[in-house]
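Protein chains: 2
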Amino acid sequence: MPPWETPPDQLPPVAAVQKLLRALADPVRLEMVRRLAAHPAAEAPCSDLYEGLNKSTATHHFKILVEAGILHPVMVGPSRGHRLRRTALQEAVPGLLDALTEALAREGR
Amino acid sequence: MPPWETPPDQLPPVAAVQKLLRALADPVRLEMVRRLAAHPAAEAPCSDLYEGLNKSTATHHFKILVEAGILHPVMVGPSRGHRLRRTALQEAVPGLLDALTEALAREGR
DNA sequence: CTCGAAGTACGATCCAGATCAAACTTACCA
DNA sequence: TGGTAAGTTTGATCTGGATCGTACTTCGAG
C-alpha cells in the first residue's frame, strides 16, 4: 500500500476508542502490537510480527491496525514494515498502550 | 442467573487482556460500561444501561461482561442489575478503565 | 393468589470479519 | 535480465457472535 513511505502528516487520524478496541481485540493483532511495543525501535518488518499465518491474512490485519491509526506503514531496511504510533496513541487515549503492554507482560506474554 | 446475589469470592476472575478487549470492543457493551463508570455507585439496574435493544440481546451482552470479570451481577433495589468491578479491574489491568473512560469523555460521550 | 414488570433461556437467522489459495507487484541480487 | 523473497490484491469460504421473537421464571404489588 505505501508507494514508498506515507508522509506522517497525511496518516489516518487515530480512531475513536470503540474502533481502537475493535482493532486490538483480535489475538493476532494484539500480538502484533505487543511485539512492536516490545521492540526497541517500535518498528519491524511485517514478517517479524506474526507466525503461522497466511501472508494475505497478515496483510488484512495490518490494514485494520493502520486504519485504526495504531500503525504507520514504513520501509524497514530492505523490506516493508510498520511502526507503532506511540505518541499519537498516547495523545488520543493516554495510558491505554502502557496499561495493555504492562498487563500483557505480567501475563507472561 | 443470580439466585439472589453472587458471593464476591466466587465471582469469575477478571479475564486475560485479550478477552477483556473482546468484551469491551462492542459498542453496546462499551456503552454499558461507560454508563456504569459514570454512575456514582458504579451500580445500576439492567435497563438503565442500554436503549433500543431487545431484552434478550441485552442479557447476552451482560453475560459476556460478567464472564470477562468486568461486571458483578447484583440486586439493585427491587430489580436486578450490575456493579462495575472497579478494584478487580484495576488490579488486573491497572489504568485501563481510567484510560478508556477519560478518552470516551473527551470524545463527548 | 393472580397480575405485570423485569430478566433469562432457548432457538433461529444473518452478517461482519478471519482465513486461505492463487495470481500479481516490487525490489533487490546474482 | 532472470530469479527469488516479501507483500498485496482478489475472490471464495466459513464461523463466531449480534440480533430478534417467544416462552419461561421470579419478584413485588394489589
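Listed in order, the protein sequences are those of chains B and C.
Reading the first sequence from the start, the letters are residues 12 to 120 in the numbering used here.
Reading the second sequence from the start, the letters are residues 12 to 120 in the numbering used here.
Glycine residues also receive a C-beta, built at the ideal position from the N, C-alpha and C atoms.
Here's the rule I'm using: 16 or more other beta-carbon atoms within 10 Å means buried, otherwise exposed. How should residue i be labelled?
i         : result
B/Gly-92  : buried
C/Arg-96  : buried
C/Arg-84  : With the sequence shown as reference, residue 84 of chain C is identified as Pro, and Arg is not the correct amino acid for it. C/Pro-84 comes out buried.
C/Leu-116 : Checking the sequence, you will find Ala at residue 116 of chain C rather than Leu. Label assigned to C/Ala-116: exposed.
B/Met-43  : buried
B/Ala-52  : exposed
B/Leu-108 : buried
Between residue i and residue j, is the Cβ-Cβ spacing less than 7 Å?
i         : j         : result
B/Ala-36  : C/Leu-47  : no
B/Val-104 : C/Ala-34  : no
C/Gly-88  : B/Gly-106 : no
B/Glu-62  : B/Arg-94  : no
Specify, as a first and last residue, the run of the beta strand (DSSP E) that residue i falls within.
i        : result
B/Leu-95 : 90-95
B/Val-85 : 82-87
C/Ala-55 : 54-56
Mind checking which residues open and close the alpha helix (DSSP H) that includes residue i?
i        : result
C/Glu-3  : Chain C is shown from 12 up to 120; residue 3 of chain C falls before or after that span and cannot be answered.
C/His-72 : 66-78
C/Pro-38 : 38-49
B/Val-28 : 28-35
- Task: Could you tell me whether the region 37-57 of chain B touches the region 67-80 of chain B, where touching means 3 or more Cβ pairs closer than 8 Å?
- Result: yes
- Members of the region 29-45 of chain B that neighbour chain C once the beta carbon cut-off is set at 8 Å: Under the 8 Å Cβ criterion, the region 29-45 of chain B contributes Gln-29, Leu-32, Arg-33, Leu-35, Ala-36, Pro-38, Leu-41.
- Decide yes or no for the touch test of the region 75-87 of chain C against the region 21-31 of chain C: beta carbon pairs closer than 8 Å, at least 3 of them. yes
- Scan the region 92-113 of chain B for residues whose Cβ lies nearer than 8 Å to a Cβ of chain C and list them as they occur along the chain. Ala-103, Val-104, Pro-105, Gly-106, Leu-107, Asp-109, Ala-110, Leu-111, Glu-113
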